[in-house]
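J.: I have a structure here, written as structure tokens, and I will follow up with some questions on it.
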Amino acid sequence: MFKAITMEERLQKAETANRALRSQLDQSVAQTAYVAMMSGVDLPTAETAQNAVGGGESDE
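If you want it as structure tokens, here you go:
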């Protein structure tokens, strides 16, 4: 009546879902960067974001 789902099938479904989520994330990042560029807004880079969150050395 019910078919057992193998670990391989679960892994395949998880990989498919992961690819879809990564695609959505990539699209969102591209759209955000485009809107920021067109608006003249400077988005923080990884380095400046770390300084803002962690309180960089120069803030002390």
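Taking this note's numbering, I'd label the letters of the sequence shown as residues 434 to 493.
Ideal Cβ placement from N, Cα and C applies to all residues, glycine included.
Any idea what DSSP makes of V474, helix, strand or coil?
T.: coil
J.: Under 8 Å, do A466 and L454 count as touching if we go by C-beta distance?
T.: no
J.: What's the gap between the Cα of F435 and the Cα of E442?
T.: 15 Å
J.: Roughly how many whole angstroms lie between the Cα atoms of A463 and Q457?
T.: 10 Å
J.: Would you report the Cα separation of T478 and N484, rounded to the nearest angstrom?
T.: Counting only the Cα atoms, N484 lies some 10 Å from T478.
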